[in-house]
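Step one of this worksheet: look at the structure below.
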């Protein structure tokens with residue numbers, strides 16, 4: 004039997020990974036033991052998240068250890084099975100990484116039916132990238148018919164799905180991509196309403212023009228100048244599912260690490276992504292519907308003595324300007340109020 | 004009858020507002036017409052949001068026009084009523100701004116019962132600052148018992164409520180304030196578990212120590228160095244309700260305007276606040292519960308031809324490193340796959 008091959012991570016790249024960080028080597032084809040199956044890789048998926056796994060720092064997933072094969076989703080054929088439920092010739096979705104062969108105890112394998120869909124789609128539209136688009140857009144983006152959805156990396160594995168399912172939801176969809184043929188593809192083949200090339204010198208102007216009614220959902224894959232151009236176009240109550248920041252993936256500090264290197268915004272967005280944070284701006288005047296609940300709860304806590312408060316009372320309207328300056332400087336102690344006139348509820352002094 | 008007084012906005016401040024932007028002047032006490040009431044201001048609330056209203060740019064609310072009285076929440080006494088439902092001596096919550104007297108047609112007035120709670124609380128714990136704390140913490144922060152909640156401007160009108168109601172929910176609460184007596188107040192009087200002074204030279208270390216299990220909810224009132232210190236402590240799936248950014252309010256660009264001035268992070272957070280944006284990092288592997296829905300929907304769209312896709316197929320594991328570089332550079336067209344071995348579902352070539 005001919006030898007297999009695999010690609011190991013041998014050094015942590017500081018920038019673009021190349022042959023000094025990833026080493027192709029031969030390997031003997033492993034022999035399955037009892038309860039194991041031997042898998043032959045048919046297709047290996049390559050995805051942007053893999054760049055993060057090459058960094059040493061803790062991200063949302065364990066980094067790949069030096070000397071270990073790179074991780075990755077695969078479609079495999081079962082060559083030999085010593086495990087019930089798997090037979091030679093079965094096709095499975097697996098995560099055997101960057102190698103031609105691997106053993107498995109069956110955990111995490113999902114059998115594929117080649118008659119239901121081409122097996123490659125298990126790594127694409129019917130797989131992790133498709134689910135990413137589906138969850139990110141529907142659950143986090145919550146698009147409504149008639150809203151404008153912008154998706155960056157629009158022609159990529161995730162972006163092409165995001166735009167199409169947003170169209171199915173009745174949204175206006177604007178794609179952002181980095182090549183004229185990608186822009187043409189998403190408009191002409193996938194039915195996006197518009198697409199803008201972020202390498203154009205007047206990119207921000209073109210984008211603003213394509214989003215004449217602002218942006219309600221921005222599906223963020225890219226970061227950098229693309230994020231900067233979309234952000235000012237966001238409408239009130241807009242949603243930004245942060246799926247990826249590919250412009251920053253070759254900067255280790257930006258893609259998970261906290262220390263040094265990247266700018267404050269890039270570090271912030273890196274943490275939003277890897278720690279799955281939710282940042283939510285809010286203004287109390289939007290929430291009048293909660294007033295009754297609030298008055299009931301807060302009134303109860305106040306009467307029971309469970310809630311205390313401190314007030315900082317300043318005398319006379321003439322004092323308002325100075326008091327307001329103090330508020331901005333933190334000079335007040337508790338809720339700042341100006342007593343403008345006599346309080347009829349208090350005994351006369 | 005003696006004259007009244009009011010404070011007008013006469014110029015847009017670029018920095019700290021003072022008497023060159025706000026002018027105290029006398030005014031005749033207005034006469035109520037038919038259907039109107041004359042209000043006498045007892046208490047005027049001073050709140051940080053007022054700084055934003057002094058800027059010319061469109062924010063979430065209309066700016067105050069030059070020459071107009073500054074806006075603000077008030078508790079007023081009805082002096083004279085030509086409107087059914089209001090009688091002389093009634094106490095009402097109003098929004099008559101920085102002036103001693105005002106007319107009202109009754110819209111937006113809420114009658115106060117001085118026996119239910121001190122009337123000042125209508126501008127504090129039982130008013131807008133209290134509702135802000137309630138909605139921001141409960142609806143946007145969604146704290147769970149045992150979680151760690153951090154609140155900045157902890158001794159302020161909103162912060163003191165946030166911390167106490169988080170304690171009522173069973174959370175561990177850490178306050179951040181800018182003076183030793185404020186820190187002592189929230190711990191000793193309000194029952195916070197800890198408080199840290201952001202002016203301390205070792206503030207970030209103290210904060211990390213006080214949040215030994217990380218931060219699940221950060222109620223953001225402040226921005227600047229406080230935000231920078233809390234962010235790296237956030238736990239996975241943390242929530243950051245963005246209520247205010249008082250450290251930046253004297254920078255017009257940071258508090259609503261889009262152009263110039265502030266840093267990219269400060270501008271981003273300013274927009275998150277005034278446009279009530281939601282930024283949500285997500286990772287597909289957290290959403291396995293949506294797999295069945297996804298496979299059903301996506302499979303249907305694929306079979307019906309409503310969803311298209313493009314694949315970029317590279318031949319041989321030897322090509323993986325170059326192909327991955329291309330992915331990071333945007334050279335691929337559609338979903339990138341490496342064909343590692345023969346595909347048994349395809350006819351032999």
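Chains as they are written, first to last, in my numbering: chain A, 4 to 352; chain B, 4 to 352.
Glycine residues also receive a C-beta, built at the ideal position from the N, C-alpha and C atoms.
Say whether the region 220-230 of chain A touches the region 103-112 of chain A, bearing in mind that this needs 3 or more beta-carbon pairs closer than 8 Å, one atom from each stretch.
Contact fails: fewer than three Cβ-Cβ distances are below 8 Å.
Residue 73 of chain B (DSSP reduced to helix, strand or coil):
For residue 73 of chain B, the secondary structure class from DSSP, reduced to helix, strand or coil, is coil.
Are the region 136-146 of chain A and the region 290-298 of chain B touching, with three or more C-beta to C-beta distances below 8 Å?
The answer is yes - the region 290-298 of chain B touches the region 136-146 of chain A, with three or more Cβ pairs under 8 Å.
Using 8 Å as the threshold, is the C-beta distance between residue 178 of chain A and residue 194 of chain A below it?
No. Outside cutoff.
Buried or exposed: residue 309 of chain A, going by 16 or more other Cβ atoms within 10 Å of its Cβ?
The residue is exposed, with fewer than 16 neighbouring Cβ atoms inside 10 Å.
In this structure, how does DSSP classify residue 145 of chain B when only helix, strand and coil are distinguished?
In the structure shown, residue 145 of chain B falls within a coil segment according to DSSP collapsed to helix, strand and coil.
Three or more C-beta pairs closer than 8 Å, one from the region 262-279 of chain A and one from the region 269-284 of chain B: is that the case here?
With a cut-off of 8 Å, the region 269-284 of chain B and the region 262-279 of chain A count as touching, because enough Cβ pairs lie within range.
Strictly under 8 Å for the Cβ-Cβ distance: is residue 212 of chain A near chain B by that measure?
Residue 212 of chain A does not count as touching chain B.
Contact with chain B by residue 229 of chain A, beta-carbon distance below 8 Å:
So, not an interface residue.
Just curious, the alpha helix (DSSP H) that residue 52 of chain B is in, first and last residue?
Start and end: 52-56.
Check whether the region 117-131 of chain B touches the region 45-53 of chain B, counting contact only when three or more Cβ pairs, one atom from each stretch, lie closer than 8 Å.
Under the three-pair Cβ rule at 8 Å, the region 117-131 of chain B counts as touching the region 45-53 of chain B.
Would you kindly work out how many angstroms separate the C-alpha atoms of residue 185 of chain A and residue 336 of chain B, rounded to a whole number?
If I take the Cα positions, the gap works out to 7 Å.
Interface flag, residue 39 of chain A vs chain B, CB-CB below 8 Å:
It does not: the Cβ of residue 39 of chain A has no partner Cβ on chain B nearer than 8 Å.
Neighbour list for residue 117 of chain A in chain B, Cβ cutoff strictly below 7 Å
Within 7 Å Cβ-Cβ: 348.
What residue range does the alpha helix (DSSP H) around residue 212 of chain A cover?
Residues 206-213.
Residues bridged to residue 284 of chain A by DSSP?
Note: residue 284 of chain A sits in a beta bridge opposite B:245.
How about residue 80 of chain B and residue 347 of chain A: are their beta carbons less than 8 Å apart?
Yes, the Cβ-Cβ distance between residue 80 of chain B and residue 347 of chain A is below 8 Å.
Look at the alpha carbon of residue 25 of chain A and the alpha carbon of residue 52 of chain A, and state the distance between them as a whole number of angstroms.
Here the C-alpha atom of residue 25 of chain A lies approximately 16 Å from the C-alpha atom of residue 52 of chain A.
Environment of residue 72 of chain A [buried if 16+ CB atoms lie within 10 Å]
Taking a 10 Å sphere around the C-beta of residue 72 of chain A, we find 16 or more other C-beta atoms and assign the residue as buried.
Are there three or more Cβ pairs, one per stretch, closer than 8 Å when the region 163-172 of chain B is compared with the region 193-212 of chain B?
These segments touch.
CA-CA distance, residue 259 of chain A and residue 250 of chain A?
The pLDDT assigned to residue 259 of chain A is 47, lower than 50, so where the model puts this residue is not dependable; a value taken from the coordinates is nonetheless given after this. In this structure, the CA atom of residue 259 of chain A is about 14 Å from the CA atom of residue 250 of chain A.
Are residue 106 of chain B and residue 31 of chain B closer than 8 Å when you measure CB to CB?
Taking 8 Å as the cut-off, the Cβ atoms of residue 106 of chain B and residue 31 of chain B do not count as close.
Would a check of beta-carbon distances place residue 246 of chain B closer than 8 Å to chain A?
Yes, residue 246 of chain B counts as interfacial toward chain A.
Selected residue, minimal CA-CA separation from residue 248 of chain B, among A:331, A:144, A:275, A:56
Closest by alpha carbon: A:331.
Contact criterion: CB-CB distance below 8 Å. Does residue 417 of chain A meet it with respect to chain B?
With chain A running from 4 to 352 in the structure shown, residue 417 of chain A is simply not present.
Taking the alpha-carbon positions, what's the residue 21 of chain B to residue 99 of chain B distance?
Looking at the two C-alpha atoms, the distance is approximately 21 Å.
Assuming residue 180 of chain A and residue 213 of chain A make a contact with CB atoms under 8 Å, what is their CB distance in whole Å?
No, residue 180 of chain A and residue 213 of chain A are not in contact; Cβ-Cβ is about 13 Å, not under 8 Å.
From A:88, A:58, A:8, A:160, residue whose alpha carbon lies closest to that of residue 311 of chain B
Of A:88, A:58, A:8, A:160, the residue nearest in Cα terms is A:160.
Could you name the residues of the same chain whose beta carbon sits closer than 6 Å to that of residue 342 of chain A, not counting the 5 residues immediately before and after it, in chain order?
Contacts found: 316, 318.
Does residue 322 of chain B come out as helix, strand or coil in the three-state DSSP assignment?
In the structure shown, the three-state DSSP call for residue 322 of chain B is helix.
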